[in-house]
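Here the structure comes first, spelled out in structure tokens, and everything after it is commentary.
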Amino acid sequence: MSGVAETAIEILPRRRARMSLLGWIAATVVVLCLALAVCGPWIAPYPAGTIVSQTVFGPMTWAHPLGIDYLGRDMLSRVLSGARYTIGVALPATLIASGSGTLLGMLAASWGGAADQVISRAMDTLISFPSLIFSLVVVAALGSPAIVLILTAAVIYTPGCFRIVRSVAVGINETDFVAAARARGERNLVVVLEEILPNMVAPILTDFGLRFVFIVLLLSSLSFLGLGIQPPYSDWGGLVRENIDGLSQGAPAVIVPAIAIAILTVSTNLLIDSLPGRKVANYGG
Amino acid sequence: MSGSIADKGTGDAKGGRRRKAGDLFLLRLVLRRIGVSLLLLLAVSIIVFLGTELLPGDVAQMILGQSATPATVAALRETMQLNDPGWLRYLHWLFGLLSGNPGTSLVNGMSIAELISGRLANSLLLALLTTIVVVPLALTVGITAAVWRGSAYDRVVNVLTVAAVSVPEFLFATAAVLIFAVRLHWLPALSYAAETDSLRALFRSFALPVGTLSIAIFPQMARMTRAALINTLGSSYVEMALLKGVRPVRLVLRHALPNAIGPIANAIALSLSFLLGGIVIVETVFNYPGLAKLMVDAVSTRDVPLVQACAMIFCAGYLLLVLIADIASILSNPRLRYR
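As they're listed, the protein sequences go chains A and B.
Here the working numbering runs 9 ahead of the position in the first sequence, where the first position is 1.
Here the working numbering runs 11 ahead of the position in the second sequence, where the first position is 1.
As structure tokens, this is what we get:
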């Protein structure tokens, strides 16, 4: 389990202090995707639910650049409107996972002792579920309203963030300036928030990006299995599923939303990978 | 976990200590690691069981439908032992699982053991074929990238694997179908041929699922192999060998690789645990009659006992792979042997 962290942590060759061109391109794409989540439906050429064509699974044309879906709707509009369901569920889930993982990790590191042991063992238990299997069990019991999806993804990815944060925070906790703050008589929470947290913003942000990628992939997979966001709302994974019958006809409607997911996740990951000063690459759960 | 356990052995161990005592120590470490896995599996089973407790509404009512009379519902509750306290039902369920009798499906009343057995074999076959394909490929790419680290080749491999790690499996699956089945007509699209009498038929029905799964776990495995070998290549004894003029091929194969085998075995086992996510998608896309497809269908029909049994098998498989990974890293640490 912690073998993940052990072997996957890798000291990369020292990077240039500035971000690479690839990094800048990735950053632009990520920002564009986030913008789509806000204003996607407004810039879509047609309302997402309207049937605009008689041809089902139509090819890419000038009028419909991304083709036609299984009901004759414009795929470009469907994808633009779907962005907010993909990102709108994944982002809060990542915020909760990253926030709780960071807080628990720092507290566990600063408390040490039995409390640290209890929290760490609880996280070990959570991490011994394969993520998709865990969410399948939850969805089987509770169905898949958005709030259940958000909380499930948050619970699944809290331990990963916890481990990284805890391992970094243990080191910071032993530095002189933390000892000085404790000697001044600062309360533990103050030490954690004012001394430890500001010194680990970079790893936390990096980890946030990775968790976001994992959560987008998990939620898309669930939607693809028909167990994520339910119709009439369709996120990108759901768009792939509803058009899967067009696969044997080579319809663009199947592949386009899958590519949209890949563009979002790959550029997020490349952005993290090219951040200046990034030293640790972890691809564990 | 391996980290904390393994670290205890890296203290001031000296090579001259008796070997036998070291072996005993190692055995204790491994046994303790197996014990931890069993405890985790127990904890996992409790969480999985809580799934039924969380189920809104009455299971008996759900099976019988809205039109059932209260008397029949009460009778079914009695036969399903739903009136027992939760912990008793948990123990009942757990011992059922252990004795190979995980109960009956809520949807069609069939024995879960019967539903699962054939499906499990199919999934294991798929996983085995994927392992055979992906391990040599990933090792080759990982090792070469580590040897030529910093080169253009290494950078290309790095960018491609970072990208591929974050691509959803169903994109690989649908793209493979579009290219090989729809455009090129080399392989059948979404059909799975049950009769695999000839080698060619076997290849035709397994090429796309195995190929997709391999692509899904390849980047992870190649990256971790590279990282494991680079750690060894950075050590001072390798630098020493380099300085005294050992040829590069011999340096990697004779000096670095033997010490990297443990971490690499660890990397392979951990990457294989990523199969579990991929296999759910791949079996669904290709309509492959495996355990994961059974589980996804069971989730759609809210067949909770069947979901629980499948989940336990997957979690046990996952924990087993992680256990193998950790034992590989314990056994490969020579400092633990002389203690």
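Heads up, the beta-carbon is just placed ideally off N, CA and C, and yes, glycines get one too.
- Going by DSSP, E125 of chain B is part of the alpha helix (DSSP H) stretching over I123 to V158.
- Distances from the CA of L151 of chain A to each of B:V310, B:A327, B:I338 and B:G120 were compared; the closest alpha carbon is that of B:V310.
- Taking a Cβ-Cβ cut-off of 8 Å, N182 of chain A has no neighbours in chain B, whose nearest Cβ is about 17 Å from it.
- Where K304 of chain B is concerned, the enclosing alpha helix (DSSP H) starts and stops at L302 to S311.
- For L284 of chain A, there is no enclosing alpha helix (DSSP H), as DSSP marks it with neither H nor E.
- The CB of M306 of chain B comes closer than 7 Å to the CB of L145 in chain A, given here in chain order.
- For F217 of chain A, not one C-beta of chain B is nearer than 9 Å to its own C-beta.
- Boundaries of the alpha helix (DSSP H) harbouring E250 of chain B: S247 to L254, taken from the DSSP string.
- Closest by C-alpha distance to L85 of chain A, out of A:G114, A:T274, A:S230 and A:I52, is A:I52.
- Straight-line measurement puts the Cα of E250 of chain B at about 43 Å from the Cα of R191 of chain A.
- Taking 9 Å as the CB threshold, P154 of chain A stays off the interface with chain B.
- By the criterion of at least three beta-carbon pairs nearer than 8 Å, the region 33 to 52 of chain A is in contact with the region 84 to 103 of chain A.
- When C-beta distances to chain B are compared with 8 Å, the residues of the region 260 to 278 of chain A below that value are V263, I264, A267, I268, I270, A271, T274, V275, T277 and N278, in chain order.
- Just so you know, the alpha carbons of L45 of chain A and G111 of chain B end up roughly 51 Å apart.
- In the structure shown, R250 of chain A falls within a helical segment according to DSSP collapsed to helix, strand and coil.
- When C-beta distances to chain B are compared with 7 Å, the residues of the region 203 to 233 of chain A below that value are V222, L226, S229, S230 and F233, in chain order.
- Its chain contains G76 and P261 as the residues whose beta carbon lies nearer than 7 Å to that of P68 of chain A, once the 5 sequence neighbours on both sides are disregarded; these appear in chain order.
- Interface criterion not met: the Cβ of R100 of chain B is under 9 Å from no Cβ in chain A.
- Rounded to whole angstroms, the gap between the alpha carbons of F191 of chain B and T215 of chain A is 37 Å.
- Chain B has no Cβ within less than 9 Å of the Cβ of V88 of chain A.
- Around the beta carbon of Q126 of chain A, a 10 Å sphere encloses fewer than 16 other beta carbons of the protein chains shown; the residue is thus reported as exposed.
- For T37 of chain A, the secondary structure class from DSSP, reduced to helix, strand or coil, is helix.
- Taking 9 Å as the Cβ-Cβ cut-off, the region 36 to 69 of chain A has no residue approaching chain B.
- In the three-state reduction of the DSSP assignment, I60 of chain A falls in the strand class.
- Of all residues in the region 125 to 139 of chain A, only D133, T134, S137, F138 and P139 place a beta-carbon less than 7 Å from a beta-carbon of chain B.
- Per DSSP, M115 of chain A is one residue of the alpha helix (DSSP H) stretching across M84 to W120.
- Residue state for I238 of chain A is assigned as coil, using DSSP reduced to three classes.
- Cβ-Cβ distances below 7 Å link L140 of chain B to F217 and V221 in the same chain, with the five nearest sequence neighbours on each side left out; the list follows chain order.
- DSSP places T115 of chain B in the strand class (E or B) of the three-state scheme.
- Shown here for I128 of chain A: same chain residues with a beta carbon closer than 8 Å to its own, the five before and five after excluded, namely L113, L116, A117 and F171 in chain order.
- For the 9 Å CB-CB criterion, L135 of chain A and F221 of chain A do not form a contact.
- The C-beta distance from V173 of chain B to N278 of chain A rounds to 5 Å, short enough to meet the 8 Å contact threshold.
- Between N270 of chain B and T243 of chain B, the C-beta gap is smaller than 9 Å, which places the two residues in contact.
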